[in-house]
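Notes for the one structure printed next.
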Amino acid sequence: MNFAAENIDTITDRATVGGTRQGGSWSRGVYLITPDDADSERLLARVDAVLGHAALLQYRNKSASPALRRVQAETLNARCKAHGVPLVVNDDLALASAIGADGVHLGEDDRDADEARDVLGPSAIIGVSCYDDLERARAAAASGASYIAFGAFFPSTTKPNARRATGDLLRDSAGFGLPRVAIGGITPDNARSVVAAGADLIAVISGVFDAPDPVAAMRAYRACFD
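Using the working numbering, read the sequence shown as starting at 286 and increasing by one per residue.
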């Protein structure tokens with residue numbers, strides 16, 4: 286498919302699922318991503334403390350075994366449902382499907398958004414990492430993604446060698462009709478700049494979980510949307 290030749294109306298039509306544009310109560314605010322933690326009880330306690338302030342939670346653990354990831358994801362899924370916060374699983378469509386998660390987040394080496402939607406269903410939240418690539422975002426929108434994520438906007442301790450994104454990507458992708466996520470080195474001090482550029486969600490890991498007071502950090506991030 287020649288995505289460059291498609292007009293904005295075609296792309297935004299494909300960003301509509303079941304007659305409803307993608308996005309909902311989850312589509313603005315703090316997008317919380319879990320830290321790698323092999324201690325499931327500690328991970329749950331850390332998430333519990335701040336989950337009520339999150340718009341969306343992503344389960345991400347690159348270092349855990351498949352069995353541990355299944356246990357942690359199932360436990361977090363139950364917690365998220367109790368709090369009314371959607372859970373998406375990073376990079377693992379099979380796990381997201383197995384536990385009944387609300388969606389999946391896809392990187393450049395994962396399956397396409399339309400394939401993920403075929404597995405998870407029309408109401409699933411399908412996120413796509415677009416890094417510093419506007420054309421990848423255009424393609425994601427055309428294939429039925431629920432949101433597009435750009436970054437890193439600032440130096441990141443999680444991914445120190447990540448590609449760098451700019452506010453122009455947020456502005457230039459506004460016509461795709463999807464919530465835009467900013468990620469990478471975002472702190473309460475610099476978050477307002479990416480929100481002003483058009484970010485609907487700011488994704489954070491260490492900015493919350495490594496903060497001296499994670500609850501206060503979450504409140505500071507949320508205040509950037511006021």
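Heads up, the beta-carbon is just placed ideally off N, CA and C, and yes, glycines get one too.
Give a yes or no on whether 7 Å exceeds the smallest Cβ distance from residue 463 to chain C. Looking for chain C here will not work: only one protein chain is present.
Pick from 430, 424, 432, 472: whose alpha carbon is nearest that of residue 442? Distances from the alpha-carbon of residue 442 to those of 430, 424, 432, 472 put 472 closest.
8 Å Cβ shell around residue 305 - same chain, five flanking residues per side excluded: Confidence in residue 305 is poor, its pLDDT being 34 and thus under 50, which makes the residue's placement too unreliable to answer from.
Consult DSSP for residue 353 and reduce its assignment to one of helix, strand or coil. DSSP places residue 353 in helix when its eight states are reduced to three.
CB contact flag (residue 435, residue 475, <7 Å): Taking 7 Å as the Cβ cut-off, residue 435 and residue 475 do not qualify as a contacting pair.
Per DSSP, what kind of secondary structure is residue 509 in: helix, strand or coil? Residue 509: coil per DSSP, three-state reduction.
What residue range is occupied by the uninterrupted beta strand (DSSP E) comprising residue 391? It spans 388 to 391 - the beta strand (DSSP E) in which residue 391 sits, taken as one unbroken run.
Let me know the secondary structure DSSP gives residue 370 once reduced to three states. In the structure shown, the three-state DSSP call for residue 370 is coil.
Given 8 Å, three or more beta-carbon pairs between the stretch 317 to 325 and the stretch 337 to 350: Segments in contact, yes.
Since residue 411 and residue 386 should fall inside the 8 Å C-beta cutoff, what is the C-beta to C-beta distance between them, to a whole number of angstroms? Not confirmed; about 11 Å, so no contact.
Going by the beta-carbon positions, is the gap between residue 452 and residue 465 smaller than 7 Å? Contact check for residue 452 against residue 465 fails: the beta carbons are separated by 7 Å or more.
Who pairs with residue 318 in a beta bridge, going by DSSP? Bridge pairing for residue 318: 343 [DSSP].
Determine which residues share a DSSP beta bridge with residue 486 and list them. Beta-bridge pairing links residue 486 to 314, 466.
Around the Cβ of residue 469, are there at least 16 other Cβ atoms within 10 angstroms (buried) or fewer (exposed)? Around the Cβ of residue 469, a 10 Å sphere holds 16 or more other Cβ atoms; the residue is buried.
Distance, Cα to Cα, residue 502 vs residue 337? Using only the alpha carbons, I get a separation of about 13 Å.
Could you name each continuous beta strand (DSSP E) segment of 3 residues or more that falls completely within the stretch 373 to 428, going from the start of the chain to the end? For the stretch 373 to 428, the full-length beta strand (DSSP E) segments reaching 3 residues or more read 388 to 391, 410 to 416 along the chain.
Cutoff 8 Å; reference residue 353; Cβ partners in own chain excluding five residues on either side: Same-chain partners within the cutoff: 323, 325, 346.
Find the nearest neighbour of residue 463 within the set 449, 433, 477, 331, judged by alpha-carbon distance. When only C-alpha atoms are compared, the closest one is 433.
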